[in-house]
Amino acid sequence: MRGKLFNRQHILNHILVNSTRLHEIAQTNRSMEYLPDSNARYKDVDYWNERYRTEESFEWFGDFTKFDHLLKQHVGTEENILMLGCGNSALSYDMYRAGYTSITNVDYSSVCVESMAERHKDCAQLSWLCMDARRLAFPDGVFDVVLEKGTLDAMLVEESDPWKVSESAARLLHQVLLEVSRVLKPGGRFISVTFAQPHFRKGLYARAEYDWSIKHYHYGNSFHYFLYVLTKGEELSSEDAALERRLLVEAEAPPTNIRFQGADSEDFLNNIGL
């Protein structure tokens, strides 16, 4: 019985770990020429530079129309918005057409930034900057909203355990989230759009140090995506504060030696008939 439970968990882990690639396959009817040969490539700026040289556009987790009913509840059209890891998504342009008047787009791919700036050169309300999310070159408290769609997911693609991220990934996310909190105004919102369910993602967001509360919503029909709203200056709920305390205790506990067979193999995804 124990072996069967481990096998089921092993399969679940593989599905969750490979979700970025699975979702990319599922969402596109194009050829798979842009699909990387391993998850690690999603964290490689050279991969994105090469991809953006030929790929026109790609939408992670659906286009703007799929979640605009949620966005309009939390983002005003005249607010100052930072798009974190904009990629070649049409989200900023779609929001611009919907009446949002100030959107600053950043990405660490210079190829992406140059291409998007040229593509939307007639949209004065859209600006494009090459920047590392860990070191945002903005003063404190300048944005009403920071919005990311799939950026954090791409940073977590190499994780083998969805319940507990590695120390390196935790440090990376911590750097990014500290920067997000820093550039937000009091009362500003961090909007995070992802396929990560609350029991996986809230543990990364629930830290008093970030000085925000957490709410989440979902959208989609056959498959649910999640939209998190983190409001700066509001306290964590009692439930989320308890989650933070529990995770801090667990982080100090000695590591376990349980290892799922084949957890490091990329062959699992290649053998799935999609």
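Each residue of the sequence shown is one higher than the one before, starting from 886 at the first, in our numbering.
Quick reminder that beta carbons are idealized off the backbone N, C-alpha and C, glycines included.
Cβ neighbours of residue i in the same chain (closer than 6 Å, five flanking residues each side left out)
i            : result
leucine 1014 : Val991
leucine 967  : Thr989, Phe1028, Val1031
serine 1053  : none
Three-way DSSP call (helix, strand, coil) for residue i in this model
i                  : result
arginine 1020      : coil
histidine 1084     : helix
leucine 1089       : helix
glutamate 1043     : coil
serine 1066        : helix
tyrosine 1095      : helix
phenylalanine 1108 : coil
arginine 915       : Residue confidence for arginine 915 is low, a pLDDT of 47 falling below 50, so the modelled location carries little weight and cannot support an answer.
Among the options, nearest to residue i - alpha-carbon criterion
i               : options                            : result
isoleucine 1076 : Arg1067, Val960, Leu1128, Met1016  : Val960
leucine 1121    : Val1134, Tyr1090, Arg1004          : Tyr1090
glycine 1035    : Ser1053, Asn973, Glu1094           : Asn973
isoleucine 1135 : Asp1096, Leu1037, Lys1049, Leu1062 : With the sequence shown as reference, residue 1135 is identified as glutamate, and isoleucine is not the correct amino acid for it. Minimum Cα distance to glutamate 1135 is reached at Lys1049.
lysine 1070     : Arg1020, Tyr978, Gly1118           : Gly1118
8 Å CB neighbourhood of residue i in its chain, flanking five on each side removed
i               : result
histidine 1103  : His1109, Tyr1110, Phe1111, Leu1112
methionine 1040 : Lys928, Ala1054, Leu1057, Leu1058, Val1061
Where the alpha helix (DSSP H) through residue i begins and ends
i              : result
arginine 1074  : Careful: arginine 1074 lies outside any alpha helix (DSSP H), inside the beta strand (DSSP E) at 1069 to 1079.
leucine 976    : 976 to 982
aspartate 1007 : Counting along the chain, aspartate 1007 falls outside any alpha helix (DSSP H), and DSSP gives it neither H nor E.
leucine 1121   : No alpha helix (DSSP H) contains leucine 1121, which DSSP labels as neither H nor E.
aspartate 953  : 953 to 956
Unbroken beta strand (DSSP E) run spanning residue i, endpoints
i                  : result
leucine 969        : 966 to 969
phenylalanine 1028 : 1028 to 1034
valine 960         : Taken as a continuous stretch (DSSP letters only), valine 960 belongs to no beta strand (DSSP E), as it is neither H nor E.
threonine 989      : 988 to 992
Buried versus exposed call for residue i [16 or more other C-beta atoms within 10 Å across all chains shown]
i              : result
aspartate 1029 : buried
valine 1068    : buried
glycine 984    : exposed
glutamate 1124 : exposed
serine 1107    : exposed
arginine 1092  : buried
lysine 1006    : exposed
arginine 1074  : buried
serine 977     : buried
glutamate 999  : exposed
cysteine 997   : buried
Contacting residues, own chain, Cβ-Cβ under 7 Å from residue i (five flanking each side not counted)
i              : result
alanine 1022   : Met1016
glutamate 1044 : Val902, Val1050, Ser1051, Ala1054
lysine 957     : none
threonine 986  : Thr962, Glu963, Gln1010
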